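Residue numbers (my numbering), protein chains in the order written: chain W, 2 to 411; chain V, 537 to 806. Just so you know, even glycine gets a beta-carbon here, dropped at the ideal spot from N, CA and C. Being a predicted model, the structure only gives us computed values, none of them experimental. Each remark here refers to the structure printed beneath this line.
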C-alpha cells in the first residue's frame, strides 16, 4: 500500500509533522488535522473504536465540538473504550488527548503531565518548535518497535493497522520542499503513503430464496408454520378473545351482547347496552382498553403500561419489558425523554406525568381546552375522548365507544 | 446514502414511511443473473428483532411462489437493516409505469390475493397489502414482501397514518386490529378489498376521512361503515363489499376465494 506520491502536499498538510506508523495490530487513523492512535485493539471494543473513528472523521470547523463529543463518549463508555490518543492540530500547537494505558513521549521522555486515567482525558499541549520527536504507544512498551528507515513513509490520510506513531516535524520553508516530481527514497523529501483504505466490510447477511440454492443450500431459517386459521372457524369469531398483548386476567361481566367489560360501568362501552350491577362476574383475559392516537396518526392499542416521550424506547421499564414505549418525536424537544406514564390497573387507564420539563395536560373538551395539569403524584383516569398534551405533541384516547353508526352485535 | 454492505446504489427508487428503496448493482455473491436488484433500507431503529425479521423473510422467500416478489438477501450493516429483492421496473398499482386497463388492474389484485393465500397457507401474514405493494410484472403482478416493522419496534403499533399524502392509509388496517386482535387471513382479505376498491375507483372507502386530521380520521374510521364507490360494476361491488365486511367471519374465508371472485369479475365482458 505504499504509493509514493509525486504531487506536492498541500500547505495544510505540510504543517503537520511526518507520521510514521509503528507496525502492530492496533489502529492508526488520520483525517485532516486529526490523528487517532489506538495501540491495542481488544476485539470486544471494535464497535467503540469505529465510533471513535467516525468521531474523528466528522467535520469540526470550530475544533471544539469534536473534543466535546469525545468527552461525552468517554462519560458514557469509559469502561468500554480501549486506550487511545487523539492528536489535534490547532493553530501552532498540537493537542494530544489521552485516555487509558497510552503513553505520549516527547523527545524520548514522558512529559511531566498527568496521563489519562480511566474516566478522564489527559491532555498535553505541544507548541511547534519545542519538540523534535513525539511518540505515542501503549503504556508499558519499553522498546519502541524499530521503524524501517528504508522506506520512510508518512501517513497522510486513511486508516491503517499500527501499534503507535512517531511524529517528526517537517522542516518548514519553501527551500525544503520537494522539487516537483523528484521524490525518491534517497532524496531529502519524504515519500508518503496515501492510504485511502476503506474500512473493512462489516455487515452480516442471510441469503434468501433462490440465492440460498445458488450458495449451495444452507438450511432454511425459521420453522415451517401451520396454515393460519380461517375466520369464523376457530378463535376468530365475533367475540373478542385473542389479543396480541400480554394476557392479564381481570374480573368483569358480559353485556347482553356478549362483550366482556368493566363491571363498574352503567353501560357496555362497545355497544351501549345497559349493564346490570348484579350480573355474574367472570375472570377472563383483559381485552384492550382503548387506543391512543398520536397527532402524527400512529395508533397504539392500550393493553398494558406505556411510557410516553421522545426517548421512551430507552427507558429502563421498557428495556426490561415491564412497559411498552410510545415514542413521540419532537425536534423542538418540548416533549421530555420520558414525559408521561400510562398505567393499566384492572379496567382503569391511569395517566401520570413523569417529571417532565413542560408538564402533561389533559382536556375533556377537545383541543380548545381547558387544559388541566396532570401531576406525577395523582394519576388521572382517562376516559373516552380525552386529549393529552405533552409539550407540543398531543394524544387522543378512544375506547371505540359507538357514537355515529351502530354496528351492533353479530 | 450511496451504498450499504456490498450493495452499490445506482439511484433511489422511492421512499416509504419507514424505508428508502434503491436500485443497486447485484453483488456477485448472490449468484443470480440480474445486473441490478432493488434494496430496501429500513429507517426503523432497533436491531434486536433482526433474527425474527430474517426468519420471517426466509420463510416468505422460501415459498418461491410466482405471485410473490423474489427476495435475495437480508442483512444488517452498522445497525441498519436492509433487504434485497427483484427489481420490478413496471412500477406498482399505486404508480404504474403505463396506464392499465380495468381488467389488468383486476387481474393484478387477483394475483396479489393468490400470493397472500400462499403466505397464509404457510402461516405468514402480510400486514402491508396496499396498491404500493402490488408490483407489476410481465405475468401481471407480484405481491411485495410482508410488512415487518412490528418485528423491529418494541411493542406493537397498529398503523402509521402519516400525514398529508399518506392519510388514507388507515383504511388498509382492518378494524378488528384496532381492538387488539391479531392480524391474519381476514385482515389481509380486508386490505385486498380496500386495494381493489382504490385501484378501481381512485378513492377510498371512507370518503369523509379525506382531509381530516389524524384524530378525526380515526374517529370517523372507527364509527362508520365502508362505502364502496358508485363507479363500480355490480360484480366488483359485491367482491369489495364482502372483502371489507366489518365482521371478519363474514368476509371471504381465504384470499384464494377472493382471487377466484375477482378473476370471475375480470372474465365478464365490459
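Within chain W, partners of residue i - CB distance below 7 Å
i, result
"residue 656 of chain V", "228, 229"
"residue 659 of chain V", "226, 227, 228, 229"
Reduced DSSP secondary structure (H/G/I, E/B, other) of residue i
i, result
"residue 124 of chain W", "strand"
"residue 549 of chain V", "strand"
"residue 305 of chain W", "coil"
"residue 173 of chain W", "Summary for residue 173 of chain W: the model assigns pLDDT 41, below 50, so the residue's position carries little reliability, and this model does not support an answer."
"residue 651 of chain V", "helix"
"residue 723 of chain V", "helix"
"residue 398 of chain W", "strand"
"residue 354 of chain W", "strand"
"residue 17 of chain W", "coil"
"residue 778 of chain V", "helix"
"residue 559 of chain V", "strand"
"residue 631 of chain V", "coil"
"residue 345 of chain W", "strand"
"residue 718 of chain V", "coil"
"residue 639 of chain V", "helix"
"residue 826 of chain V", "Within the shown structure, residues of chain V are numbered from 537 to 806, placing residue 826 of chain V beyond reach of any answer."
"residue 763 of chain V", "coil"
"residue 733 of chain V", "helix"
"residue 267 of chain W", "coil"
"residue 406 of chain W", "Summary for residue 406 of chain W: the model assigns pLDDT 39, below 50, so the residue's position carries little reliability; its value from the coordinates is reported in the next sentence. Residue 406 of chain W falls in the coil class under three-state DSSP."
"residue 667 of chain V", "helix"
"residue 278 of chain W", "coil"
"residue 699 of chain V", "Confidence in residue 699 of chain V is poor, its pLDDT being 39 and thus under 50, which makes the residue's placement unreliable; the coordinate value appears in the next sentence. Three-state DSSP puts residue 699 of chain V in coil, outside helix and strand."
"residue 565 of chain V", "helix"
"residue 339 of chain W", "coil"
"residue 230 of chain W", "coil"
"residue 746 of chain V", "coil"
"residue 738 of chain V", "coil"
"residue 624 of chain V", "coil"
Partners in chain W for residue i, counting only beta-carbon separations shorter than 9 Å
i, result
"residue 558 of chain V", "Under the 9 Å cutoff, chain W gives no residues; its nearest Cβ is about 15 Å from residue 558 of chain V."
"residue 732 of chain V", "None at all; the shortest Cβ gap to chain W is about 18 Å."
Cross-strand partners of residue i (DSSP beta bridge)
i, result
"residue 540 of chain V", "V/543"
"residue 252 of chain W", "W/284"
"residue 362 of chain W", "W/374, W/390"
"residue 325 of chain W", "W/307"
"residue 676 of chain V", "V/673"
"residue 159 of chain W", "W/31"
"residue 683 of chain V", "Answer is none; residue 683 of chain V lacks a bridge partner."
"residue 292 of chain W", "W/302, W/399"
"residue 261 of chain W", "W/255"
"residue 165 of chain W", "W/23, W/138"
"residue 381 of chain W", "W/352"
"residue 38 of chain W", "W/29, W/86"
"residue 728 of chain V", "Its beta-bridge partners do not exist; DSSP assigns none."
"residue 110 of chain W", "W/107"
Where the beta strand (DSSP E) through residue i begins and ends
i, result
"residue 756 of chain V", "Not the beta strand (DSSP E): residue 756 of chain V falls in the alpha helix (DSSP H), residues 750 to 759."
"residue 793 of chain V", "Where residue 793 of chain V is concerned, there is no enclosing beta strand (DSSP E), although the alpha helix (DSSP H) it sits in stretches over 791 to 803."
"residue 89 of chain W", "85 to 91"
"residue 368 of chain W", "Unbroken run through residue 368 of chain W: none, as it is neither H nor E."
"residue 573 of chain V", "572 to 578"
"residue 709 of chain V", "Counting along the chain, residue 709 of chain V falls outside any beta strand (DSSP E), and DSSP gives it neither H nor E."
"residue 319 of chain W", "No beta strand (DSSP E) holds residue 319 of chain W; the alpha helix (DSSP H) holding it covers 317 to 320."
"residue 104 of chain W", "103 to 107"
"residue 95 of chain W", "94 to 100"
Boundaries (first-last residue) of the alpha helix (DSSP H) holding residue i
i, result
"residue 58 of chain W", "47 to 58"
"residue 66 of chain W", "66 to 78"
"residue 208 of chain W", "Counting along the chain, residue 208 of chain W falls outside any alpha helix (DSSP H), though it belongs to the beta strand (DSSP E) covering 204 to 208."
Partner residues on chain V for residue i, Cβ-Cβ distance less than 9 Å
i, result
"residue 205 of chain W", "541, 586, 611, 612, 613"
Listed by chain order, chain W residues near residue i by CB distance under 8 Å
i, result
"residue 607 of chain V", "209, 210"
"residue 714 of chain V", "292, 300, 302, 401"
"residue 600 of chain V", "210, 211"
"residue 741 of chain V", "What residue 741 of chain V touches in chain W: nothing, since even the nearest Cβ is about 14 Å away."
Under 8 Å by beta carbon: chain V residues contacting residue i
i, result
"residue 294 of chain W", "750, 751, 754"
"residue 399 of chain W", "754, 755, 758"
"residue 289 of chain W", "715, 716"
Whole alpha helix (DSSP H) elements within the region 580 to 622 of chain V, 4-residue minimum: 586 to 599
Selection of the region 296 to 311 of chain W by Cβ proximity to chain B, strictly under 7 Å: You won't find chain B in this structure, because its protein chains are W and V.
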